Every structure is written in C-alpha cells, then in structure tokens.
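2 protein chains.
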Amino acid sequence: MKSAIPETGVPITPPTAGNANDRQEASLHGEVLLRLRDYVVEGNIPEGARVPERQLCEMLGISRTPLREALKVLAAEGLIELLPNRGARVRQLSQRDLEELFDVMAGLESLAGRLACELITDEEIAAIERLHYEMYGHYLHRDMHGYFQINQQIHESIVAAARNETLKTTYANFAGRIRRVRYSANFARKRQRWGEAMREHEAILDALRRRAASELSDILFQHLRNKRSAAIDHLAEGQDTNLETTPQGD
Amino acid sequence: MKSAIPETGVPITPPTAGNANDRQEASLHGEVLLRLRDYVVEGNIPEGARVPERQLCEMLGISRTPLREALKVLAAEGLIELLPNRGARVRQLSQRDLEELFDVMAGLESLAGRLACELITDEEIAAIERLHYEMYGHYLHRDMHGYFQINQQIHESIVAAARNETLKTTYANFAGRIRRVRYSANFARKRQRWGEAMREHEAILDALRRRAASELSDILFQHLRNKRSAAIDHLAEGQDTNLETTPQGD
DNA sequence: GCCTCCATTTTTGCATTCATTTTTTGTCTT
DNA sequence: AAGACAAAAAATGAATGCAAAAATGGAGGC
C-alpha cells in the first residue's frame, strides 16, 4: 500500500474563519472543497495518482460524505476524474488537453479585452499602464519572478475591466486547471521570447488606450497563443532547458 | 406545505440504458445528475423555487446521499444555488446575469470560429453551406421553428470544427444555463432582425470560406451580441413572459 | 386584530452503517 | 517458478441515523 499523498496529517481547521475565496464558505463540505481544490491545484498529489477517500478523510478530519461531495464538484470542474467504483484520480492532462485549455484561456482573455474596451475608464487604463511600466522595470532587471507577478496582475486587470463576473469565474476556473503547468511555462520564459512578450504588451496597452476592441481581441489571442507554444514546447522537450533554440516566453 | 415541483412522481428508470449525454453514466448519482440537470434545464422547477431534498428523493426514488452529490455538482455548474442550511434553489438569472452569459457565449463562439479557420476542411464547410441554404429555405417560408433548428446546427458545427473538446463542453454548459431564455429570445426575433441575422450568416459563411480567422471572430461576436440584444429586450419588455412554460429551442 | 415569543415540526448537514465491487493475497496446479 | 483460481481485505456506492439549524404554528400579550 503506497501512499499517494504526503503524510502532512494536517486536520482541517474547525469552522473558524470564513475564508470566502469562492463560494460556500460556511459549510463543512464547502471548506473541504476549498482546501481540496487548493491542495490539488498546488500539485500536492501526483498526476494520475489514486487518491483513497479514507486517506483524505483522516487528513482533513472529516467523514466521507462531505468529502465525496467535494470530489464530485472537483470532477465537474475538471481537476480530477472519477472512475466508477475505482476512485478519484488527479486528472492527467495530455499535451492535447493543455493545448485546448490554453486556447480556451486565450479565447476568454480575448473576449475580456473586447469587452473591456466598452466600459474601461481612464483610471483603470492608467493603473494598467503603471503595472506595465513596473513590469518593464522587472524586464530590464531580468527579474523573472517580479515580471511574472505583474504580468499576471495585468491580465487579471483586463479580465476585471470586462465587468463580467461570469467571465471572471470561468477564467479563474481554467486558470486553476493549468496553474501547475503555467508555472513551468513561466520558468521556461527565455530571453528572446521575453522581448517579444514585452512588445506584445505594448501593443495591448496601445489598443486598450484606443479602445480598439477587435484589434485588442486579436492581439490578446495571439499573445496567449504564443504563451501556449512556449508551455507546450517546454513540456514536450522535458525537464532540460534549451536556452537558444526554443521560442518560449511569457 | 406548497409543492414547488409538479407531482410527476416519475421514479428514476433503473440502470437500464446508459444515456451517455455527458459523463458518469453508470453510477446512480451520475444518472441522477443527468436527470436532474435535464429536469432543471427544461424548466420543470420554477425559478427561485425552493426544492426540498426529500421531495426530489421520492420523485427520483433514491436516498438523499446521491441526490445531494448531484445538487452540489449542479450548483458548481451554475444551474442552481445552495444556501447554507436553507436548501437548493433554482438559480434566478437577473438581466445582468443573462447579459453576462450571452457575452461569454459570444466569446466562446467567436473563439470557435477563430479556431475553426485553422483546420476546417472543405467538406465541413460544404456541410455548413448545405445547412445554410436549408436554413435560407426555412427563412423564405417563414418557418421559424425549422430555421432555429438549422441555425443551432450551424453554430454547433462551427464549435465542432474548432476541434477543441474543452471548448465544446464549456459551450454546452453555458448553452444549458440559458436554454430556457434562449427560446424566448428566438421568438423575440422579429422580421427585420431575422433578415439581419440571415445576412450575418452569409458573412459568417463567407469569412469561413476564406479562413479569415480574425474577421470571422468579429462577425460571430457581433452576431451573438445582436442575439443578446434581442433576448434582453424581449425579457425587459415582457415581464409576464412565463419562462417556465415556454418550450425549448434553438 | 396584530405582533412577539416559544414549542413543535421539518429540513439540512454530517457521521455511520450496509451492500457491492474491486483489489490484494494466498494457495494450488502445471 | 510462473500462472490461475479463490478467499480475504479493502475501497467504493448508497442508505440510514442523528444532531443542529431553520421553518412552522400557536398561545399569550399589547
């Protein structure tokens, strides 16, 4: 009997604080859902590994009923898969799955940009500009981590500017699914592609200033498509980092 | 004690045929999920109505455990909402919710068109052309029902041509959420708008033939945006429109 | 007559229990 | 020793039981 989950043995915190991250903060199964989702998204369970309910139960300090409810939801979200009578597994994402997910993300951000052009305020644009220049600073200092953090903030700002909660939620869902890979992809960002990504961000900002919806939509899609290529290439070639030849980035 | 659900009293069919509409066809809770989803999507439960678990249980002929699992999933899908300690309600969609949903649908179809341009075959385009002319026939005969049916087939063909299962699933999810309203929206489409829609479909087909991804993306978004306007206007002007009793379509 | 407060009933949330399926393990045969 | 079969163990799927919260209803007070 091999344990798929590292024996952290951290019981769930009693219903103390309502960590209102998503929904259903109060109920036990809601808390379990949040914790389990984070647990899976953060990659604490190996891909494709079997996850015995009993083990998760004692890890979280609950009975099987709320756990199974949470598992059903996570399966609906696409994070895990439930094989009939054979338990839950962390969903293994094939290369094709990743391509699809990145494309949908690209479509959602493309949509966000289009919608943002309709109602975004000058102040919001100014805020994004500030982020942009901050990011540029990180770029000049070759501070990849800082760059990535601001980069994500910019993309989230655009999604927020779309003023569409449904879109925001959906976007967050997909972001969670590929978060693990996203990190690898970001670490794969290399010099040359980095410059390209900066130029694309310039174009994004420019289109946003002019409220050019269709144009921004196109640019964002292409920008994310390039991200996709970087991520897929990175995964395809394995763990070794090829510095010169791979077109990776942002 | 008022019963929110019409007393159909139809017990769930024993695990006979695997109606593999979505996922989890075999297990009882999977069957329940499919049945409940259809039941809600088809509008058998009034919006915002309280749904006692016990009642659903005896309606489906099961115990509360699988039912509650299905409810959690439906809540995650956005079809119902679960208030802590206060049961499940059919999610009431505000006008703003509908606008958001339509916009996301528009974004997804826009993405589908963009992706379709990359790999769509001449045969697939020819099939869509045939559907187009068939739809045109319905238009000339003022056969609204036939028109909508083919119209839906065309949009689904475009989504299929995108060759992205993730997108397809997500699209189906959102389509389910607004199906109820969608039908009213179609009836709201008046003569003049009908002609517009036909012209837009001509443009869609034209862009598709030329594999003009960005252009098709724009046209599809606008096309769906116009649909949205029709739906929202219709709902705004007719508050007496009983959504529960309207049949399903488009 | 209407409102308030409290007891009763119902309903929800979770734990536990039971039945079925899968997986493991041990033994026997070739 | 390797494979096949069978029994045991464990895990899953679903039903039931129990405590807590909410809804209901009625008596009493204003």
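Protein chains in written order, with the numbering used here: chain A, 4 to 253; chain B, 4 to 253. The C-beta atom is built at its ideal place from N, Cα and C for all residues, glycine as well. Note that this is a predicted model, so its numbers are computed, not measured.
Whole-number beta carbon distance between residue j and residue i, since they are thought to touch under 8 Å
i: E86 (chain A); j: V35 (chain A); result: It should be pointed out that residue 86 (chain A) corresponds to Leu in this sequence rather than to Glu. Their Cβ separation, rounded to whole angstroms, is 21 Å, which puts L86 (chain A) and V35 (chain A) out of contact at 8 Å.
i: L82 (chain B); j: V107 (chain B); result: Actually they do not touch by this definition, with Cβ atoms about 15 Å apart.
i: I123 (chain B); j: L211 (chain B); result: 7 Å
i: I181 (chain A); j: E203 (chain A); result: In fact, because the Cβ distance is near 20 Å, the residues do not count as touching under 8 Å.
i: I131 (chain B); j: S160 (chain B); result: 5 Å
i: E205 (chain B); j: N229 (chain B); result: With 8 Å as the limit, E205 (chain B) and N229 (chain B) do not qualify as a contact, their Cβ atoms being about 14 Å apart.
i: A79 (chain A); j: V76 (chain B); result: 5 Å
i: I157 (chain A); j: H141 (chain A); result: With 8 Å as the limit, I157 (chain A) and H141 (chain A) do not qualify as a contact, their Cβ atoms being about 12 Å apart.
i: T169 (chain A); j: E103 (chain B); result: 4 Å
i: L224 (chain B); j: R117 (chain A); result: Looking at the sequence itself, residue 224 (chain B) is Phe, so the reference to Leu does not match. F224 (chain B) to R117 (chain A), Cβ: 7 Å. Contact.
i: S113 (chain A); j: S220 (chain A); result: 5 Å
i: L1 (chain B); j: F177 (chain B); result: There is no way to answer for residue 1 (chain B), as the model of chain B reaches only from 4 to 253.
Beta-bridge partners of residue i, as assigned by DSSP
i: I83 (chain A); result: A:V93
i: R53 (chain A); result: A:R92
DSSP state of residue i mapped onto helix, strand, coil
i: R214 (chain B); result: coil
i: N245 (chain A); result: Low local confidence applies: a pLDDT of 34 at N245 (chain A) is under 50, so the model's placement there is unreliable, with the coordinate-based value given in what follows. Of the three classes helix, strand and coil, the one that applies to N245 (chain A) here is coil, per DSSP.
i: F166 (chain B); result: In the sequence on display, residue 166 (chain B) carries Arg and not Phe. The answer is coil: DSSP assigns R166 (chain B) none of H, G, I, E or B.
i: A233 (chain B); result: helix
i: S66 (chain A); result: coil
i: N47 (chain B); result: coil
i: I161 (chain B); result: helix
i: D146 (chain A); result: coil
i: A181 (chain A); result: It is Ile, not Ala, that sits at residue 181 (chain A) in the sequence shown. Looking at I181 (chain A) - three-state DSSP - the assignment turns out to be coil, as it is neither helix nor strand.
i: R26 (chain A); result: Residue placement at R26 (chain A) is poorly supported in this model, since its pLDDT is 49, which falls under 50; the coordinates still yield a value, given next. Reduced to three states, the DSSP call for R26 (chain A) is coil.
i: T11 (chain A); result: Only weak support exists for where T11 (chain A) lies, its pLDDT of 38 falling under 50; the value from the coordinates is given anyway. DSSP places T11 (chain A) in coil when its eight states are reduced to three.
Enclosing alpha helix (DSSP H) for residue i [first to last residue]
i: S113 (chain B); result: 98-122
i: G140 (chain A); result: 125-143
i: E34 (chain B); result: 31-44
Proximity test, residue i beta-carbon vs the ligand SAM heavy atom, cut-off 6 Å
i: E168 (chain B); result: As for the ligand SAM, it is missing from this structure, which has no ligand bound.
At a CB distance below 8 Å, what residues from the stretch 216-232 of chain B approach chain A? Give them in sequence order. S217, S220, D221, F224
Name, going along the chain, the residues of the stretch 88-114 of chain A whose beta-carbon falls closer than 9 Å to a beta-carbon of chain B. Near chain B, meaning a CB-to-CB distance below 9 Å, the residues of the stretch 88-114 of chain A are N88, R99, D100, E102, E103, L104, D106, V107, A109, G110, L111, S113, L114.
Listed in chain order, which residues of the stretch 59-72 of chain A have Cβ atoms closer than 9 Å to some Cβ of chain B? T68, R71, E72
Near-chain B residues of the stretch 31-53 of chain A (beta-carbon distance less than 9 Å), N- to C-terminal order: H32, G33, L36
What are the residues in the stretch 168-183 of chain A lying within 8 Å of chain B by C-beta distance? E168, T169, L170, T173
Which of the residues in the stretch 113-134 of chain A, read from start to end, lie with their CB under 9 Å from any CB of chain B? Going along the stretch 113-134 of chain A in chain order, one finds S113, L114, A115, R117, L118 with a Cβ nearer than 9 Å to chain B.
Beta carbons nearer than 8 Å to chain B: which residues of the stretch 201-212 of chain A have them? none
Interface residues of the stretch 147-163 of chain B facing chain A [CB-CB below 9 Å]: none
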